[in-house]
Amino acid sequence: MKRIFTLLTFSALSLFASAQSLVELNSLSTYKTNVFDDGAMEIVAYNEFSQRLYAINSYEKAVDVFDISNPANIVKVDSLDISAYGDAPNSVAFYGDLIAIAVQANDFDANGKAVFYDTTGAFVAALEVGVLPDMITFNRDGSKVLVANEGEPDDDYTADPEGSVSIIDMTGALNQAAVTNLDFNSFNGNYDPMIRNFGPVNNFFEDFENTADSLNNLNLVMTAGDVSFYYDEFSGDHFAEANSFGSNGPTVAWLITPAQNLTGLDSAYFSFYSAKNFSGGDLDILVSTDYDENVNTDPATATWDTITSQFALSPGSYTDTFSGRYSLHNYLQGKVSFAFYYRGSPGGGGSTLWQIDDINLEGTAPRLSQNLEPEYITVSTDNSTAFVVCQENNAMAVIDLSTNSITTLKSLGFKDWSIGNNRFDASNTASSINIRNWPVYGMYQPDAIKAFAIAGTNYVATANEGDARDYDAYSEEDRVKDLSLDPTAFPNAADLQQNDSLGRLNITTTLGDTDGDGDYDELYAYGARSFSIWDDQLNLVWDSGDEFAQALATLHPANFNSNNDVNSSLKSRSDDKGSEPEAIEIAEINGYTIAFIGLERMGGVMVYDISNPSSPSFISYFINRDFSVPASDANAGDLAPEDLKFIPADKSPNGQALLVSANEVSGTLSIYSVGGTIGLSEEDLALTLNVYPNPSSGIFHFSQIIEEGQILNLNGQVLKSVQGQEINISDLSKGIYFLKSEWGTLQLLKK
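Listed below in structure tokens is the structure:
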């Protein structure tokens, strides 16, 4: 009964007597896979003709089919096994009589497939697309299918495949010739500098000044004689030296750098310093792509390219000489090792002395085309443009669908958490909720995006989840408490770096050292803990600021910023990305444009009226989660909404507008009816009260004249009297209040 109580409590907050909020969600049914936190319910598509849902089930490597002809009773009727076409399905879409499924390959760096079935479940075609197809969608008239191919690296970063977008022409034969693959190579070396182009830039530098290491950072091999490279110093300068003067016979010695992975780098260079004395011996510089010290115990058995002529070497007399920077552009697709290959003989005639110092392999920025990770696609309502978000890169691309070409690639910029209503709770250790401004920038990094239009103008709404690159071989994450903060930029660093302050916040190490001196002048966190609206030129029109956090803190203070796989996890996500807006859906209902935003960690759906894109209004927050039982309990409710799908009333099985939620962690599929005053006739609307804007920083306007009303807090305490068609509560604290009048009771959110 506790879960029902949770729902009723929320209903009581948003609905009293005859007054209704603009949109209300009422639970109709839930299908339970009974698979917890294993991807059994992810993305959904709706077939209005057969009244069926198609849902991604990565756990079973299948697309499950559900009959929702009675939305109050979801029935699983079929399952499409896609294991023959790859490793796992990632996305599904439907149009006309075709089901389209994005399937990733078994090998992480192999091209995936767009797989098509008809509505009977019969296989139609499997077309090769790019690496790791993560999202698939039809355009508005079904003439094209678009696939976002994310192209992620493996955990060891041995390869980083190119991100791409595949466009499939659906107007003719469904074969490989219908596929056009768009890459981002034209942007290499010519892109918005604010786009995050980052990853493991494998720099190797050895100056031999750490005497404890001696030559241990390099591999020493002697294949002839009894003298190898050794550790030496002169006037406090340390280096590696080879000298066969005192040897008992001919010497062959190798000084070899550890293998360095250059995959995905835009460029890399190798250099060193050398000093020479005497004559007669030889030194060559070699490079290998297949040397393995565990296999090639004699390095000569590996394949080496001699590149000695590419360098300036010391002429003698101990002249310290810089080699110059050798471009490794021919070696950027794998690992490389470098060798200093010395040959000499005993005595003065063949015993050249060579000293090697400051060995440096320097990689520059990764190649953008490989670094970009297209994740989600939405098509404009006029069918002319596709918008593609690259989440980790904090960027969005624009595709002209008339020419199938990428016309724009733009950074989404940063959210300044130090100003205005850009506030968040930053600590998972502080006992109290502390939503405030911080000296931090947020990267929007949206996951789901949806295009919509108002009065003929195109917009894109984004759920600003945030995401970090965190692999075995490379991680960009660190906590503020573990960083060196610039004392000028952060004079209060000692206070900020406390756990109960900003110390626990995870930030990226790829940004913030603006002057290159090794400390952080700025801090950049993941995600914006909000949803945003952008125009078709990708300019920010509006952002919800701290409204999600304020609503959650007021409505669910005991479970604020909880995680999705553990109950009793108050504030456990405050140090990461907060509630993590993940899913977004846009609905047109009776002249209103409504946004539904699913929160991955906290769960639940935020509902906004975005009919005015420059000034959206918060309507309500609905959560179907029981915090009193373990998260793994089948009765815990909907955990981690991965996808939301709106079904308009004229396409709905029961004639009601519906919202479908696919929930990844709980493995549940839920259907909600969409009610409220948005569904009433004009005559009925004349008998109801609406408030706008809501939320507001102070002044609320009413659609009806109030003769006698009151403003109450959550405890029922009367704070103000109301008469007329507006009220100013700018003197009250941020939070949830209630307007009680002859029209009933409505919720007000003061921001």
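Residue 747 is where the sequence shown ends in this note's numbering, and the numbering goes up by one at each step.
Where a beta carbon is used, it is the ideal one built from N, C-alpha and C, also for glycine.
Item                                                                                                                                    : Value
CB of E738 within 8 angstroms of CB of F642, strictly                                                                                   : no
Stretch pair the segment 435 to 446 + the segment 339 to 354: three plus CB contacts closer than 8 angstroms                            : no
Selected residue, minimal CA-CA separation from G340, among V332, F274, D288, G499                                                      : F274
Residue from E124, A630, T176 with nearest C-alpha to S398                                                                              : T176
CA-to-CA distance, R48 to A645, given in whole angstroms                                                                                : 15 angstroms
Straight-line Cα distance separating G740 from M392                                                                                     : 45 angstroms
Pairwise C-alpha distance: G359 and D222                                                                                                : 36 angstroms
Residue environment, I590, which counts as buried when at least 16 other CB atoms sit within 10 Å                                       : buried
Backbone secondary structure at I0 - three-state DSSP                                                                                   : Any reading at I0 needs caution, since the residue's pLDDT is 30, under 50, leaving its predicted position unreliable; the model's value is listed next. Of the three classes helix, strand and coil, the one that applies to I0 here is helix, per DSSP.
Nearest candidate by alpha-carbon position, reference P311, set Y327, L324, G276, Y337                                                  : G276
Sequence-distant residues of the same chain with beta carbon closer than 7 angstroms to L708, five excluded per side                    : V714, L715, Y733, F734, K736
Neighbour-count burial assignment, N135, 16 or more Cβ in a 10 Å radius                                                                 : buried
Secondary structure of P649, DSSP reduced to three states                                                                               : coil
Same chain, Cβ closer than 7 angstroms to A220, five either side skipped, listed in chain order                                         : P246, T247, V248
Contacts around R192, its chain only, beta-carbon distance under 6 angstroms, and the 5 residues preceding and following it disregarded : N389, N390
Of the residues L536, P483, S717, V537, the one placed nearest E518, counting alpha carbons only                                        : P483
Cα-Cα separation between S564 and E638, rounded to whole angstroms                                                                      : 22 angstroms
Pair within 8 angstroms by beta-carbon distance, E146 and D165                                                                          : no
Bridge-paired residues (DSSP) for Q351                                                                                                  : E237, A271
Three or more C-beta pairs below 8 angstroms linking the segment 361 to 372 and the segment 183 to 191                                  : yes
Nearest to D754 (by Cα), restricted to the options G514, P435, E543                                                                     : Missing from the structure shown is residue 754; the chain here goes from -3 to 747 and no further.
Span of the beta strand (DSSP E) around A464                                                                                            : Premise fails: A464 is in no beta strand (DSSP E) and is neither H nor E.
Expected contact under 8 angstroms - CB spacing of L258 and G330 to nearest Å                                                           : 7 angstroms
D63, enclosing beta strand (DSSP E) - first and last residue                                                                            : 58 to 63
Inter-stretch contact at 8 angstroms, needing at least 3 Cβ pairs: the segment 549 to 563 / the segment 596 to 606                      : yes
Segment contact flag, the segment 319 to 335 with the segment 223 to 235, C-beta cutoff 8 angstroms, min 3 pairs                        : no
Own chain, CB closer than 6 angstroms to S414, minus 5 neighbours either side, in chain order                                           : N433, P435
Exposure label - L4; buried when at least 16 CB within 10 Å                                                                             : Note that L4 scores a pLDDT of 30, beneath 50, so its modelled location is shaky and nothing firm can be said.
Separation of A264 from A579, as counted between CA atoms                                                                               : 39 angstroms
Cut-off 7 angstroms between Cβ atoms - residues of its own chain near S65, not counting five sequence neighbours on either side         : Q47, P649
Exposure of Y314, with buried meaning 16 or more beta-carbon neighbours within 10 Å                                                     : exposed
At least 3 beta-carbon pairs within less than 8 angstroms: the segment 488 to 503 vs the segment 466 to 480                             : yes
For A238 and L211, believed in contact at Cβ under 8 angstroms, the rounded distance                                                    : Not confirmed; about 11 angstroms, so no contact.
Beta-carbon proximity of F448 to Y437, cut-off 8 angstroms                                                                              : no
Entirely enclosed beta strand (DSSP E) segments - the segment 440 to 490, minimum 3 residues                                            : 445 to 450, 453 to 460, 473 to 475
Counted within 10 angstroms of its Cβ, other Cβ atoms place V120 as buried (16 or more) or exposed                                      : exposed
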